[in-house]
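Have a look at the structure below, then the notes.
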C-alpha cells in the first residue's frame with residue numbers, strides 16, 4: 001500500500017498506483033455485446049468490434065495499438081523529452097478495459113520503453129477490477145488526465161465538451177513524428193474531427209469484413225470466395241448458397257446494416273457537420289450503397305421478414321451455422337459454429353482494391369496535461385512500428401494503424417488458434433481503405449434511424465430505396481434535434 005492506495009509491480013516495471021480515490025458515481029455505461037446490439041448503442045460500442053468495430057474493446061487495445069513513430073532524433077536546438085520521473089494519468093473513455101489488462105497490453109510496454117514513466121489508470125465504468133469514474137466527475141474533481149483513450153465514434157462527446165482537446169501539431173513537429181507512416185484514412189478521420197487539427201494519434205482501426213463458413217460451402221459443393229471478389233460475384237455466391245435442405249433454411253448472406261453505415265465503402269458521411277442534418281437523402285452515395293445491398297434480400301431463399309431482418313437474428317444465423325456468409329465489423333470468434341474464415345471484402349469495378357471504410361481508436365494528450373511532452377512520448381510509442389509489430393503478432397483484435405507490409409505479413413503469427421485454423425488474415429486487409437468522412441457527435445442517432453429503415457426495406461415493408469432513405473433522414477433529423485435540445 002502506498003498513501004492508502006493499492007500499488008503493484010508488474011514484470012519489474014515501475015510501480016503503478018491504481019486510481020481508486022474517486023469511486024464510481026453512477027456512470028452511464030452499457031455493457032458491450034456488439035453481436036446483440038443495434039443502431040445507436042452499437043455505435044457507442046465500437047470498441048468491441050473487430051474493430052469492432054467499430055467495434056471492440058479489450059481485443060482492440062490488445063492487438064492494434066499501432067502506427068509510425070518518427071525515427072529521427074531531435075536536433076540540438078530542439079527540446080528533448082525529460083527523463084525525470086513522471087506519473088501520467090490515462091483515462092479510457094467509455095470503456096471497461098480494467099487496470100490489469102491495461103497494464104499488460106499498454107502500461108507495462110510503455111514503462112519498459114521509458115522507465116522514468118509511471119501511470120495511473122482511470123476508466124468510465126466499474127468493471128474488470130477497476131473502479132469507474134465518469135469523465136464529468138474526473139474533470140470536476142481535478143483529476144490530472146494526461147492522456148485520453150477513445151474511439152472516434154465517441155470522442156466528440158468525451159473530449160470536446162470538456163475542453164480536453166489539444167492540437168498535437170507542435171508535439172508532432174517537436175518530436176519529429178512521421179504521420180506518413182500511418183494509414184492515411186485514419187489520420188484524415190481524426191483531422192476531420194478537429195477541423196484540420198489533430199487531437200491525438202490513431203492506434204487501431206476497425207473496418208468491414210466478409211466472413212464465410214467453409215463447412216457450408218463444402219456441404220453444398222460451392223467454391224470459396226476468392227481474393228478480389230466483386231459485389232456481383234458475391235451476389236452469385238449468395239444465390240448458390242441460399243436454399244432449404246433437410247427442412248433447414250440456409251441463407252446465403254447476412255448483412256450488418258449498422259456497420260455498413262459506420263464503415264461504409266463509399267466514404268459517405270452520415271451527418272452534415274455544417275447543418276447537423278442527415279445526409280441519407282442528399283448524398284447519392286447512400287442511394288448507390290443501399291441499392292447494391294438490398295438486392296441480396298431479393299434472392300430466393302435469402303429473404304427476411306420483420307423479425308429475421310434484425311441484426312441480432314442475422315448474426316445468430318451465421319454464428320450458429322445457418323447462414324453461409326456475413327458482412328460485419330465484428331471480431332472473429334472461436335465461439336462461432338463451423339470452420340469460419342475471412343474473405344477479402346467485395347470491391348466495385350470502378351474502385352478496384354478499395355475495401356470498407358475505417359474508424360480509428362486513438363490516444364490523445366489533453367489540454368490540461370502538465371506533462372505533454374512525456375505524454376506524447378508515450379503515445380508515439382504506441383503508434384510505433386516496434387509496438388505495432390508486437391501487438392499485430394498477437395492477432396486477436398483490431399487492425400494495425402501503421403501502413404507497413406511487414407506488419408500485415410506478421411499479423412497473428414503468435415496466435416496459436418488462428419495458426420491452427422489457418423485463418424486467411426490477408427482478408428482483413430484491403431489494398432486501400434475507403435476514403436474517410438467527417439464523424440459528428442450525432443452519427444449514433446443517424447445510424448440508429450438508418451438501421452431501422454434498412455431492416456424495414458429488407459423485409460419488404462418499405463416501398464423502395466429512396467423512400468427508405470428519406471424516412472431514415474427524417475427520423476435522424478428529429479433524433480438529432482432532440483439531442484441538441486437536451487444539450488448532449
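Numbering (our numbering), first residue to last: 1 to 488. C-beta: ideal position from N, C-alpha, C; glycine also. Since we're looking at a predicted model, the values are computed, not measured.
{"Query": "Check each candidate in 167, 212 and 178 and name the one with the smallest Cα separation from residue 191.", "Result": "167"}
{"Query": "For the beta strand (DSSP E) containing residue 364, name the first residue and the last one.", "Result": "359-365"}
{"Query": "Taking DSSP as the reference, what is the three-state secondary structure of residue 118?", "Result": "strand"}
{"Query": "Ordered along the chain, which non-local residues of its own chain (more than five positions away) have a Cβ less than 7 angstroms from that of residue 221?", "Result": "none"}
{"Query": "If you reduce the DSSP assignment to three classes, tell me which class residue 406 lands in.", "Result": "helix"}
{"Query": "How is the beta strand (DSSP E) around residue 252 delimited, first residue to last?", "Result": "248-255"}
{"Query": "Among residues of its own chain, excluding the 5 on either side of residue 288, which ones have a beta-carbon nearer than 8 angstroms to its beta-carbon?", "Result": "266"}
{"Query": "Which full runs of the alpha helix (DSSP H) of 4+ residues lie inside the stretch 307-359, going along the chain?", "Result": "311-319"}
{"Query": "Are the beta-carbon atoms of residue 189 and residue 354 separated by less than 8 angstroms?", "Result": "no"}
{"Query": "Within the continuous alpha helix (DSSP H) that includes residue 467, where are the two ends?", "Result": "465-485"}
{"Query": "Enumerate, from N- to C-terminal direction, the unbroken beta strand (DSSP E) stretches of 3 or more residues contained entirely within the stretch 180-236.", "Result": "201-206 and 209-213"}
{"Query": "Span of the beta strand (DSSP E) holding residue 87?", "Result": "86-92"}
{"Query": "Is it true that the stretch 404-421 meets the stretch 239-257, where meeting means three or more beta-carbon pairs spaced less than 8 angstroms apart?", "Result": "no"}
{"Query": "Hey, is the stretch 205-215 in contact with the stretch 316-336, meaning 3+ C-beta pairs nearer than 8 angstroms?", "Result": "yes"}
{"Query": "Between the Cα of residue 268 and the Cα atoms of 283, 275, 135 and 274, which residue gives the shortest distance?", "Result": "283"}
{"Query": "Within the same chain, show all residues whose beta-carbon is closer than 6 angstroms to that of residue 234, passing over the 5 residues directly before and after it, in chain order.", "Result": "346"}
{"Query": "Which residues bound the alpha helix (DSSP H) around residue 462?", "Result": "Per DSSP, residue 462 belongs to no alpha helix (DSSP H) and is neither H nor E."}
{"Query": "So, with DSSP's three-state summary, where would you put residue 444?", "Result": "helix"}
{"Query": "What does residue 387 pair with, by DSSP beta-bridge criteria?", "Result": "DSSP, once it has assigned bridges, lists no residue as partnering residue 387."}
{"Query": "Can you list, in chain order, the residues of its chain with a C-beta nearer than 6 angstroms to that of residue 468? Leave out the 5 residues immediately preceding and following it.", "Result": "453, 457 and 462"}
{"Query": "Tell me which same chain residues have a C-beta within less than 7 angstroms of the C-beta of residue 88, skipping the five on either side of it?", "Result": "117, 119, 146, 147, 371, 374, 375 and 378"}
{"Query": "Tell me which residues share the same chain as residue 91 and place their Cβ nearer than 6 angstroms to its Cβ, disregarding the 5 neighbours each side in the sequence.", "Result": "122, 145 and 148"}
{"Query": "Counting only the same chain and skipping the five closest in sequence on each side, list residues whose C-beta sits under 6 angstroms from that of residue 392.", "Result": "400, 407, 410 and 411"}
{"Query": "Around the C-beta of residue 224, are 16 or more other C-beta atoms found within 10 angstroms, so that it is buried, or is it exposed?", "Result": "exposed"}
{"Query": "Is residue 107 buried or exposed, if buried means 16 or more other CB atoms sit within 10 Å of its CB?", "Result": "buried"}
{"Query": "Just list the residues that DSSP pairs residue 271 with in beta bridges.", "Result": "278"}
{"Query": "Leaving aside the five residues before and after residue 291 along the sequence, list all residues of the same chain whose C-beta is less than 8 angstroms from its C-beta, in chain order.", "Result": "465"}
{"Query": "Per DSSP, which residues does residue 432 bridge with? Please list them.", "Result": "354"}
{"Query": "Please say whether residue 110 and residue 381 have beta carbons closer to each other than 8 angstroms?", "Result": "yes"}
{"Query": "Tell me where the alpha helix (DSSP H) around residue 416 begins and ends.", "Result": "416-421"}
{"Query": "Just confirm the distance between the C-beta atoms of residue 359 and residue 187, as a whole number of angstroms; I'd bet it's less than 8 angstroms.", "Result": "Their Cβ separation, rounded to whole angstroms, is 13 angstroms, which puts residue 359 and residue 187 out of contact at 8 angstroms."}
{"Query": "Could you have a look at residue 132 and say whether DSSP puts it in helix, strand or coil?", "Result": "strand"}
{"Query": "Can you name, in chain order, every residue of its own chain whose Cβ lies under 6 angstroms from the Cβ of residue 83, other than the five neighbours on each side?", "Result": "116"}
{"Query": "By Cβ distance, which residues of its chain are closer than 6 angstroms to residue 216, with the 5 residues on each side in sequence left out?", "Result": "324"}
{"Query": "So which of 113, 125 and 80 has the shortest CA-CA distance to residue 97?", "Result": "125"}
{"Query": "Helix or strand or just coil, what does DSSP make of residue 244?", "Result": "strand"}
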